[in-house]
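Sequence lines, in order, name chains A and B.
Per my numbering, the first sequence starts with residue 1, numbered consecutively.
Per my numbering, the second sequence starts with residue 1, numbered consecutively.
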Amino acid sequence: MLTKSAGLSSVEQISLVNLYINRSHYDEDRVKRIFDHQGNKIGIQRSSWSTLYDFLTSGGDCEDFATSKYFMLRELGFAAQDLRVVVTYERRLHGYHAVLAVQRPNGEVWLLDTDNRIKKKSHRGYRYVYAMNERSVWDHRKDFEGIAPLWPSKQKAE
Amino acid sequence: MRQIKTLAYLIFLTPLLLVEAAVADDAREGVLVSSLTVKERLHSIEQINVSAEKKQVKVEPESAAVAALLAEAEAIDQKDRAQTHSTVH
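The structure is reproduced here in structure tokens:
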């Protein structure tokens, strides 16, 4: 499918990747206890971020959907600086959610969600917590006076 | 004397005010300003229960070409499921 979609426009590729990945099986993570080599519990892991292969074979939850879309778009030639997996808090869902953010050439930021929608103009309801790509992790927590833009205007080119 | 004092304030305080404003601007924009290292941020992310599920809505593919590729992918998946089913039984 990746080979056949290479000839599509970037808008078509985004649509295809979003709908294709969203067909996958949704399966919530289980909380894992982390132990050291002596068997002492040293922490817990509430989210398990699957590899692309694990996700395509077994399914996953929203962060796995977002990271899978990230890697598929990277394979299609999208630049790392234009893609971010974003962890958000959604008051309506009373929980944390993850989406893929794509920065378009005209500066618009599109959010690819698991409900099949692509939010282009309004990102109302999404409160960014962290954003990441293969290069870095951005901290967007509310220490920074509310919703900060994912790509500030001065940081378009990395 | 007053003019000298005013000038002194301008010369010494203005750079500090500019630096403070730049840091505040970065903080407001959420740009790489965090007391956590990248590793700590990643660890922090793993502690968040990111699992809120959303109900899917029907969305039309962007074009006929996209619809055709999705249909092809669905056909392949159905064939795989049928083969797995016949192998098991």
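Where is the CB? At the ideal position from N, CA and C, for every residue including glycine.
Below-8 angstroms beta-carbon distance, residue i vs any chain B residue
i	result
A/Y20	yes
A/E12	yes
A/H97	yes
A/E75	no
A/S24	no
A/D82	no
A/D61	yes
A/E72	Note that residue 72 of chain A is Met in the sequence shown, not Glu. Taking Cβ atoms only, chain B never reaches closer than 8 angstroms to A/M72, which makes this a no.
A/S68	no
A/V87	yes
A/K41	no
A/L159	Past the boundaries of the shown model lies residue 159 of chain A; chain A is included only from 1 to 158, so the question cannot be answered.
A/L112	no
A/L16	yes
Nearest-angstrom Cβ-Cβ length linking residue i and residue j, presumed shorter than 8 angstroms
i	j	result
A/E134	A/A98	In fact, because the Cβ distance is near 16 angstroms, the residues do not count as touching under 8 angstroms.
B/Q78	A/D115	So it is not a contact: roughly 23 angstroms between Cβ atoms.
A/Y128	B/I48	No, A/Y128 and B/I48 are not in contact; Cβ-Cβ is about 12 angstroms, not under 8 angstroms.
8 angstroms Cβ cutoff, residue i in contact with chain A
i	result
B/A73	yes
Proximal residues to residue i (C-beta, below 6 angstroms), its chain only, five neighbours per side dropped
i	result
B/A67	P61
A/F65	I21, T114
Buried versus exposed call for residue i [16 or more other C-beta atoms within 10 Å across all chains shown]
i	result
B/A82	exposed
B/L45	Here residue 45 of chain B turns out to be Ile, not Leu, going by the sequence shown. So B/I45 counts as buried.
A/A101	buried
B/S51	buried
A/H94	exposed
B/L32	Below a pLDDT of 50, predicted positions are generally treated as unreliable, and B/L32, at 45, falls in that range; the measurement from the model is reported next regardless. Flag for B/L32 reads exposed.
A/H123	buried
Cβ neighbours of residue i in the same chain (closer than 8 angstroms, five flanking residues each side left out)
i	result
A/L76	L2, S5, A6, Q13, V17
A/I118	I14, S15, N18, W110, L111, L112
A/G125	E90, R91, R92
A/L8	L16
A/L83	Y70, L73, R74, L100, A101, V102, Q103, N133
A/Y130	V86, V87, V137, W138, D139, H140, R141
B/A75	none
Residues near residue i in its chain [Cβ-Cβ closer than 7 angstroms; skip 5 each side]
i	result
A/P105	none
B/L70	P61
A/W151	Q103, V109
Notebook entry, point to check: Of all the residues that make up the segment 37-65 of chain B, which are near chain A by a beta-carbon distance shorter than 8 angstroms?
Noted result: V38, R41, L42, S44, I45, E46, Q47, I48, N49, V50, S51, A52, E53, K54, K55, Q56, V57, K58, V59, P61, E62, S63, A65
Next item on the list: Would you list, in chain order, the members of the segment 114-143 of chain A that have their beta-carbon closer than 9 angstroms to a beta-carbon of chain B?
Entry: T114, D115, N116, R117, I118, Y128, V129, Y130, A131, M132, S136, V137, W138, D139, H140, R141, D143
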